[in-house]
Amino acid sequence: MIAFATAHWACTLVTLASIALLAALVVHGRAHRRRVAALTHELAEAQRIARMGTVRWDFSRDKVVWSDEYARLFGLAPGGVMNGTEFAALVAPGDLDRIVESERRALDESARTGAPVRREISFGMRRTDGTFVEVESLSELRADMDGHPVSMISTVRDITETACAKRRLKESERHLAAAQRVARLGSFRLTVASETVEWSKELYDLLGRDPEAGPAPLPELLPDEEERAQLEAKLQVIYEPHAPLEKRLATVDFRMRHADGAYRHVRAAMEMSYDDRGEAEILTGVIRDVTDEVRREADLREAVAAAERANAAKSEFLAVISHELRTPMNGVIGMLGALDDAAFGCEQRDQLRIARASADTLLVILNDILDASKIEAGKLEVEVAPFDLPSLIQSVVDLYAQKACEKGIRLDGAVDRDVPTWITADSGRIRQVLSNLVSNAVKFTPDGRVVIRVSRISKEPNAAPSLRFAVEDSGLGIPKANHHKVFGRYDQLDASYTRRFGGTGLGLSICRSLAELMGGEMGFSSAEGAGSTFWMDIPVQPAEPRVDAPGKDVPNILKPMRILVAEDNPTNQIVARAMLQALGQKVDFVANGKEAVEAAERFDYDLIFMDLSMPVMDGFEAARAIRAGSARHTPIVALTANATQTEREACLAVGISNILIKPVTRPQLAASLADPLGLGAHNSDPDRTDLHRRKGETA
């Protein structure tokens, strides 16, 4: 009985102990599961934060399982399962072959070594919604000794944003490299403290250096010590501590030696960055090859110099040809003028008139050609001065009145009431344009009327007026098909016009250039059979009347004077003698400037006519010498065939009072005798030039 009881209690104790142990095991299991659950949750959170999932492929059972984060990344069902074929279908088609080959090599190695093999690879994965993401996979693959694949465990991280950023960076670097190649530049970085230099590949290419050898030392790139010292001096400012922003940047041009030994011109743009103490730390810059630019600039400078030499030669040629052409014309027109006083019969008078008209026509053609050449050379000039506008218009009407009358044409001038009577402009050029337009109008109008009309364009009371000078005719008109030819140089509407009416085809082209030179423009309207209107719009300034100016009419009786003419051309001497003696003057002649100076010292002359181009001593030197002697107050009138603005200023500088442009007519000569200082030049012939305007009044 006691034995039974003892056994029972022993059994009970064992049972209780078993129950206690079982209870302890249950409690321990629950704690373990809680820890496992906590660790699992932490792992899931870590995967979520890192955007990283895990996947396991059991090759023996062809079963693929994944973590919740993997499921979220690729839109799969949490806790889902798929086979290998379905899993492989998620890989981007372009990457599948590469992954399969990578797995094969890893499994072969695992079979050979008997140990798992790690593999890292990036590829594209397709989500269930059809979109693709870039992933980075770190896998461990295991195969058995027979080479059969056992398993693959992978961590997969979404690197789409990183991959895109890398691609953008790579593309940016590619574009930068391409841009540097195209721009022929390279970049560098200098760490000041260590004096280490880094070059871009493009800089190595630019200087023909081997990247394997590293950056070349400065003495090798700049072997000339003086040039190197100059460069270092220019860069010294950006090395200064605490340099202001504007001094942290530098752009310098210098030469660097290429690996082939040739020097290249380069332009370096650099910026210095500074550390927390304000000390120079890193110098970053780009170097651009500007050798071709330097050569082009040198070629351009040489071309400009050559053009200036050519322009000077052209100007000299114009001066020479003008002199050579106008000198014989001076003889022709002068001698024809001298014959006016001869006792001729009617037939001889007609012959003289024809000769005079032919000479005048030849002079117009000559002037057109010379003006066109001056326009082309940029040598045509404008001179502004006050003048009486209605008087100028009337003078043009008077000039062509006889020719118009012979054709039965009524020629009138009309100036609107709101147009100022006195204006400041270039009267000579305005007269030249109007004369050309009126000449054409009379020429191309069989009968009817030609009107010169001046109107005001700007109507504002306080605004400077712009005037329209228009010449209207009732003539042949211009067919619309030929309008584009009107202002063409050397252009006529057709050859029959040249044969029928004559002319060079230069006149209207010159007129338009003159209008533009005066700050205006020129145009026309015309229809075949309905006449034409040619107009010129130019800005002008109102002017006060010149009450001290002599009138345009030259007195019939001039005061007898003793005149010295310095002229080396025998024909011009004969012409001058004939015209001056016909005007009742006593004349002495010398053949060069030296003789003119000596004669002016010996005799008391009332007026000196001085040719500017003479041997031994030219007119400029002679005038300067006369002004320095006892005849310093004697008026000097220059005779020239090429009165450019430069020549006029030179005349003024040596004390010449006035200029007459060859060929000189008797009325022009008489006007100079009456007004040797040119005070009335604004109201006289345009070939007389007033040198006594203030410099600011000359355009």
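Residue numbering for the sequence shown follows numbering that gives the first Met the number 0, starting at 0 and increasing by one per position.
No residue lacks a Cβ here, since even glycine has one placed at the ideal position from N, Cα and C.
Same chain only: Cβ atoms within 8 Å of residue i, ignoring 5 sequence neighbours per side
i    : result
E108 : V116
V395 : G412, R430, L433, S434, V437 and I451
L365 : L324, R325 and M328
A76  : A70
E543 : P385 and W421
L708 : Outside the shown range of the chain (0 to 698) lies residue 708, about which nothing can therefore be said.
Given residue i as reference, the closest of the options once Cα atoms are compared
i    : options                   : result
P92  : F131, D57 and F443        : F131
D154 : L140, R254 and K165       : In the sequence as displayed, the identity of residue 154 is Thr instead of Asp. It is L140 whose Cα lies nearest to the Cα of T154.
S512 : V596, I374 and M328       : I374
N571 : A640, R601 and R623       : A640
Y604 : E620, M613, G592 and K585 : K585
L391 : T423, D94 and S656        : T423
L234 : V191, R263 and V574       : V191
G487 : P478, L507 and S473       : L507
V653 : G628, L672 and I509       : G628
M613 : G583, A598 and A565       : A565
L557 : A305, G618, G583 and L75  : G583
R623 : Q644, I655 and E594       : I655
L351 : L89, D145, L338 and L361  : L338
S524 : A354, K169, V470 and A577 : V470
V251 : E239, A279 and V289       : V289
A258 : A305, D204, E197 and I237 : D204
R118 : I456, R97, S357 and E515  : R97
L184 : A267, A669, V363 and K479 : A267
A114 : G146, A599, D128 and E85  : G146
F253 : E620, Q229 and A261       : Q229
I408 : R448, V414 and K442       : R448
Classification of residue i by the beta-carbon crowding that lies within 10 angstroms, buried from 16 upward
i    : result
R708 : Nothing can be reported for residue 708: it is not among the residues displayed for the chain, which extend from 0 to 698.
S171 : exposed
Q667 : buried
M517 : buried
S473 : buried
L217 : exposed
C650 : buried
S193 : exposed
K661 : buried
L299 : exposed
N82  : exposed
P569 : exposed
G592 : buried
A575 : buried
P675 : buried
D397 : exposed
N439 : buried
M151 : buried
N310 : exposed
Cβ shell of residue i (< 7 Å), same chain only, five flanking positions each side left out
i    : result
A529 : G476
I509 : D367, D370, A371 and I374
D61  : N82 and G83
S457 : P464 and S465
Q401 : none
Proximal residues to residue i (C-beta, below 6 Å), its chain only, five neighbours per side dropped
i    : result
L106 : L140, A142 and P148
R227 : L221
S59  : none
D587 : L563
P240 : G277 and E278
R167 : none
E160 : none
is_contact[residue i, chain C] using C-beta, thresh 8 Å
i    : result
T639 : Absent here is chain C; the protein component of the structure consists of one chain.
Delimiting residues of the alpha helix (DSSP H) encompassing residue i
i    : result
F619 : G618 to R626
L507 : G506 to L516
G93  : P92 to T112
G592 : G592 to R601
L557 : No alpha helix (DSSP H) contains L557, which DSSP labels as neither H nor E.
P666 : R665 to A673
F73  : D67 to F73
Run of the beta strand (DSSP E) containing residue i, from where it starts to where it stops
i    : result
F187 : L184 to T190
N82  : No beta strand (DSSP E) holds N82; DSSP gives it neither H nor E.
M578 : Element bounds for M578: not the beta strand (DSSP E) but the alpha helix (DSSP H), P569 to A581.
D411 : I408 to V414
Cβ-heavy atom distance, residue i to the ligand FMN, below 7 Å
i    : result
A577 : For the structure depicted, the ligand FMN is absent and the ligand set is empty, with no information on it obtainable.
Considering only residues of the region 421–496, which uninterrupted alpha helix (DSSP H) runs meet the minimum length of 4 residues and lie entirely inside it, listed in chain order? 426–442
Those runs of the alpha helix (DSSP H) which lie wholly inside the region 343–406 and span at least 4 residues: 345–376 and 388–405
Give the list of continuous beta strand (DSSP E) stretches no shorter than 3 residues that lie fully inside the region 252–282. 262–273
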